[in-house]
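Just so we're aligned: 411 in the numbering used here is position 405 of the sequence shown, and the numbers increase by one with no gaps anywhere. C-beta atoms are modelled at their ideal positions from N, C-alpha and C, and glycine is treated no differently.
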Amino acid sequence: MRVLLIEVGNSITIFPPIGLMHIASAIRDKHEVFIKDYSGKEINNDRIKKDILKINPDIIGVRVLTGPQIPRAIRVSRIAKKLEKTVVWGGPHPTILPYQTLENNYVDYVVIGEGEISFINLLKKLEGQKASWNGIGLRKNGKIVINPAPKEIVNIDKQPLPSWDLLEDIDRYFPEKRHNMLVVSTTRGCAFKCGFCHNSNENVKKYLGCYRIARPERAIEELKFVQSLTKKHIDRLNVGEDFHLISYDYAKRFCEAIKNSGLKIKWWTASRYSVLNKEIIDMIAETGCERILLGVESGSRRIQEWSKKIVDLDHAIHIAKYLKKKNIFLTNSYIFGHPTETSGELKETIKFIKKIPCHENLIQLYRPLPGTPYYEECIKSGKFKDLKKIEEWAHFGVLGNDVNVSKIPDGILFSSFYKVNAIEQTKFVINEERYYLKNKMYSKFFRGLVQNRFTYKLREIIQNKKESSK
Ligand code: B12
């Protein structure tokens with residue numbers, strides 16, 4: 007069959023369609039696969055129609071996240087259905103809300119959780135072969151049926167490398183003359199299930215399976231594969247997923263893989279404070295780790311316990327100081343407005359932000375994600391109404407569409423959020439510009455003056471209004 011996989015993305019961020027490249031690799035031995043990536047592009051009906059007609063696929067698979075991607079995904083699916091194509095949605099949003107997704111008539115099937123096994127089976131079914139319906143949602147005799155999770159989970163190491171060779175224009179993901187970065191995905195799921203996170207969603211837990219991490223050498227193999235496809239200079243690896251450096255043992259293996267590769271590369275990662283110690287930091291700094299993302303989320307012990315994300319704040323300060331000493335660019339993330347959070351608890355977080363050294367504080371307002379323990383609390387509080395239609399999720403994550411599900415008065419929550427962010431984001435922009443200069447990334451430095459977090463948020467708000475009104 008001819009299968010067209012579409013990343014709808016959003017019109018302001020260019021990001022490689024990693025999930026779709028993984029899916030493509032799993033099915034390309036039996037099917038003819040095409041990938042279209044609309045991330046970083048404006049789309050219109052004519053363009054979508056032309057693209058589909060040119061490839062003339064039997065099946066169209068769309069990857070969808072919760073938020074501004076939804077109106078774009080609906081638009082693509084509406085046109086695909088007009089052209090009488092079979093439309094399949096996969097990715098984080100249909101995984102958490104498969105039933106609601108199928109209530110939309112433009113979607114024929116949803117693949118819940120990991121796509122590799124279930125999508126192969128769905129394609130077999132559509133060809134009239136015998137296969138399992140597990141992991142798939144569909145409409146049968148006018149009724150929506152959500153099947154249970156597949157019995158097996160994907161062994162990442164046994165999967166072929168992602169299909170970078172199927173991208174239409176690989177160079178667009180490496181826009182710099184020098185110092186480009188390759189984003190790789192080496193994990194599945196997360197070892198923790200923090201109450202606010204996508205990973206604590208019931209379907210994610212059931213259908214995505216347990217936490218897995220690929221052998222570290224695979225990231226190097228992927229880098230070499232991509233380098234064989236483009237002349238662009240790539241000297242950085244971004245493995246900053248939900249949870250990359252999971253233990254001392256894994257960190258050691260990853261650092262050895264980098265060393266043994268003989269490549270002179272720098273790398274970015276994500277971990278947890280509870281994993282890190284001086285020994286790990288020495289090791290990662292020595293092998294070129296230059297940036298790390300760590301979550302604090304709250305400075306209040308009660309909120310930490312309630313969300314099941316425990317961060318020893320004294321240990322965190324200790325680690326942050328050492329990361330700074332080792333010149334590793336540190337991003338700490340926080341959530342303001344946890345359900346049940348009080349003004350006093352928010353104050354504890356703000357106090358901690360001022361105390362811990364770092365290069366970036368990434369502060370987000372809490373946004374209710376369905377199927378998580380936090381979500382149930384939001385509905386119970388009566389401050390947030392369950393969204394009934396898929397279209398209603400379009401504004402998720404876009405500033406200006408926020409709800410306050412905490413016990414903090416609106417005025418205090420929102421003014422603290424904007425005030426602290428104004429200061430912290432300014433500090434971050436300065437630190438990032440410094441980092442670009444230090445690493446001789448001059449084009450990024452100049453672009454950073456115009457395209458930064460502030461201008462990004464403004465563009466996101468404008469684009470979201472535009473996309474949703476079409
Ligand atoms: C890289 C990344 C980003 C990048 C790029 C976004 C992008 N285009 O993916 C950036 C930094 C821009 C980003 C931004 C955001 N992100 Co983000 N991001 C990720 C991250 C770390 C990796 C994504 C990835 O490549 N995964 C690896 C691939 C292999 O997995 P996958 O894409 O899910 O694909 C598999 C399955 O889902 C399925 N599948 C996927 N698509 C399809 C399609 C078909 C047809 C089929 C059959 C199967 C299928 O098969 C694949 C292989 O098994 C994930 C965490 C994670 N572990 O996935 C979060 C994640 C996707 N992001 C998330 C969030 C919340 C955001 C933000 C809203 C954050 C914010 N507050 O600003 C923004 C908004 C993005 C938006 N709406 O456009 C959530 C998504 C929650 C949700 N319900 O949508 C995640 C899951 C993180 C989390 N734990 O909460 N993100």
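- Backbone CA spacing between E439 and M187 [nearest angstrom]: Numbered from 1 along the sequence shown, position 433 holds the residue referred to as residue 439. Numbered from 1 along the sequence shown, position 181 holds the residue referred to as residue 187. Rounded to the nearest angstrom, the two C-alpha atoms are 17 Å apart.
- Task: Identify the continuous beta strand (DSSP E) that holds Y340 and give its terminal residues.
- Result: Locating residue 340 in the sequence shown gives position 334, where the first residue counts as 1. Taken as a continuous stretch (DSSP letters only), the beta strand (DSSP E) holding Y340 covers 335–342.
- Message: On the DSSP bridge list, what partners appear for T152?
- Response: Numbered from 1 along the sequence shown, position 146 holds the residue referred to as residue 152. Checking the sequence, you will find Ile at residue 152 rather than Thr. DSSP lists G143 as partners of I152.
- Message: Helix, strand or coil, according to DSSP, for N445 in the structure here?
- Response: Walking along the sequence shown from the start, residue 445 turns up at place 439. Note: N445 maps to coil in three-state DSSP.
- Item | When K270, G301, K332 are compared against L319, the one with the closest alpha-carbon | Locating residue 319 in the sequence shown gives position 313, where the first residue counts as 1. Closest by alpha carbon: G301.
- Message: Let me make sure I understand the geometry here. Which of A32, S253, L419, E48 has the alpha-carbon closest to that of G15?
- Response: Here residue 15 corresponds to residue number 9 of the sequence shown, with the count starting at 1. When the alpha-carbon of G15 is set against those of A32, S253, L419, E48, the nearest one is in E48.
- Query: So, are the CB atoms of E347 and K413 less than 8 Å apart?
  - Reply: Taking the sequence shown and counting its residues from 1, one reaches residue 347 at position 341. Taking the sequence shown and counting its residues from 1, one reaches residue 413 at position 407. Contact flag set, yes.
- Quick one: residues in its chain with C-beta nearer than 6 Å to the C-beta of S306, no 5 flanking neighbours on either side, listed in chain order? Translated into the one-based positions of the sequence shown, residue 306 becomes position 300. Excluding positions up to five away in sequence, the list reads E351, E354.
- Query: According to the neighbour-count rule (16 or more other Cβ atoms, all chains shown, within 10 Å of its Cβ), is I369 buried or exposed?
  - Reply: The residue you call residue 369 lines up with position 363 of the sequence shown. Buried: at least 16 other Cβ atoms inside 10 Å.
- G96 - containing beta strand (DSSP E), residue span: Along the sequence shown, read from residue 1 onward, the residue named residue 96 stands at position 90. Unbroken beta strand (DSSP E) run through G96: 92–96.
- For F420, which residues of its own chain have a beta-carbon under 6 Å away from its beta-carbon, when the five flanking residues on both sides are left out? Counted from its first residue, the sequence shown places residue 420 at position 414. Nothing meets the Cβ criterion.
- Mapping DSSP to helix, strand and coil, what is N437? Taking the first residue of the sequence shown as 1, we reach residue 437 at position 431. Helix, per DSSP.
- Query: Just how far apart, CA to CA, sit E158 and I126?
  - Reply: Locating residue 158 in the sequence shown gives position 152, where the first residue counts as 1. Locating residue 126 in the sequence shown gives position 120, where the first residue counts as 1. Between E158 and I126, the C-alpha separation is close to 13 Å.
- Going by alpha carbons, who is nearest to L393 out of D43, R53, I102? Here residue 393 refers to the residue found at position 387 of the sequence shown. Comparing Cα-Cα distances from L393 to each of D43, R53, I102, the minimum goes to I102.
- Taking the runs of the beta strand (DSSP E) that are 3 residues or longer, which of them lie wholly in the segment 152–189? Whole beta strand (DSSP E) segments, 3+ residues: 186–189.
- Query: What residues match up with N367 in a beta bridge as DSSP calls it?
  - Reply: Indexing the sequence shown from 1 puts residue 367 at position 361. N367 is bridged to N338.
- For P74, verify whether its CB is less than 7 Å away from any heavy atom of ligand 1. Translated into the one-based positions of the sequence shown, residue 74 becomes position 68. Yes, ligand 1 has a heavy atom inside 7 Å of this Cβ.
- Task: Mind checking which residues open and close the beta strand (DSSP E) that includes V116?
- Result: Mapped onto the sequence shown, residue 116 falls at position 110. 115–117 is the extent of the beta strand (DSSP E) around V116.
- Should the segment 277–287 be regarded as contacting the segment 243–252, the criterion being three or more beta carbon pairs within less than 8 Å? Judged by Cβ distances under 8 Å, the segment 277–287 makes contact with the segment 243–252, as three or more pairs qualify.
- Task: With DSSP collapsed to three states, give me the class of G515.
- Result: Lying outside 7 to 476, the shown extent of the chain, residue 515 is not represented and no answer is given.
- Nearest candidate by alpha-carbon position, reference I85, set P74, I65, R194, F231: Taking the sequence shown and counting its residues from 1, the one referred to as residue 85 is at position 79. With distances taken between Cα atoms, I85 lies closest to I65.
- Starting from K272 and walking both ways along the alpha helix (DSSP H), at which residues does that stretch end? Counting from 1 along the sequence shown, the entry for residue 272 is found at position 266. Not the alpha helix (DSSP H): K272 falls in the beta strand (DSSP E), residues 272–277.
- Item | Nearest neighbour of R459, chosen from S206, A32, A400, N427 [CA to CA] | Reading the sequence shown from its first residue, position 453 is the one you call residue 459. When S206, A32, A400, N427 are compared, the shortest CA-CA separation from R459 is found for N427.
- Item | Residues bridged to G294 (per DSSP) | On the sequence shown, residue 294 is found 288 positions in, with the first residue counted as 1. Bridge pairing for G294: absent [DSSP].
- Query: Excluding sequence positions up to five away, which residues of its chain have a Cβ less than 6 Å from the Cβ of D43?
  - Reply: Numbered from its first residue, the sequence shown carries residue 43 at position 37. The answer, listed in chain order, is E13, P23.
- Integer-rounded CB distance, given that Y340 should sit under 8 Å from I359: For this step, residue 359 is matched to residue 353 along the sequence shown. For this step, residue 340 is matched to residue 334 along the sequence shown. Right, the Cβ-Cβ distance comes to about 7 Å (below 8 Å), so this counts as a contact.
- Bridge partners - N16, DSSP secondary structure assignment: Taking the sequence shown and counting its residues from 1, the one referred to as residue 16 is at position 10. Partner(s): T19.
- Query: Roughly how far, in whole angstroms, is the beta-carbon of I240 from the beta-carbon of L229, given that I think they are within contact range, below 8 Å?
  - Reply: Reading the sequence shown from its first residue, position 234 is the one you call residue 240. Reading the sequence shown from its first residue, position 223 is the one you call residue 229. At roughly 7 Å, the Cβ-Cβ gap stays under 8 Å, so I240 and L229 are in contact.
- Could you have a look at E120 and say whether DSSP puts it in helix, strand or coil? Walking along the sequence shown from the start, residue 120 turns up at place 114. Reduced to three states, the DSSP call for E120 is coil.
- Message: To the nearest angstrom, how far is the alpha carbon of I418 from that of N333?
- Response: Indexing the sequence shown from 1 puts residue 418 at position 412. Indexing the sequence shown from 1 puts residue 333 at position 327. Approximately 35 Å between the Cα atoms of the pair.
- Expected contact under 8 Å - CB spacing of N140 and N161 to nearest Å: Counting from one through the sequence shown, the residue named residue 140 turns up at place 134. Counting from one through the sequence shown, the residue named residue 161 turns up at place 155. Going by Cβ atoms, the distance from N140 to N161 rounds to 17 Å, so no, they are not a contact pair.
- Task: Following the continuous alpha helix (DSSP H) through L229, name the residue where it begins and the one where it ends.
- Result: The count along the sequence shown starts at 1 and reaches residue 229 at position 223. Taken as a continuous stretch (DSSP letters only), the alpha helix (DSSP H) holding L229 covers 223–233.
- Is the beta carbon of V93 sitting closer than 8 Å to the one on V117? Reading the sequence shown from its first residue, position 87 is the one you call residue 93. Reading the sequence shown from its first residue, position 111 is the one you call residue 117. Not a contact, by the Cβ cut-off of 8 Å.
- Item | Beta-carbon proximity list for K330, same chain, < 6 Å, skipping 5 on both sides | Looking up residue 330 in the sequence shown gives position 324. The residues are P363.
- Query: Just to confirm, does R6 get its C-beta within under 7 Å of one of the non-hydrogen atoms of ligand 1?
  - Reply: In this structure the chain extends from 7 to 476, so residue 6 is not present and cannot be described.
- Item | Supposed contact pair N62 and R145 - C-beta distance, whole angstroms, cut 8 Å | Sequence index remark: in the sequence shown, residue 145 carries index 139 (1-based). Sequence index remark: in the sequence shown, residue 62 carries index 56 (1-based). Going by Cβ atoms, the distance from R145 to N62 rounds to 25 Å, so no, they are not a contact pair.
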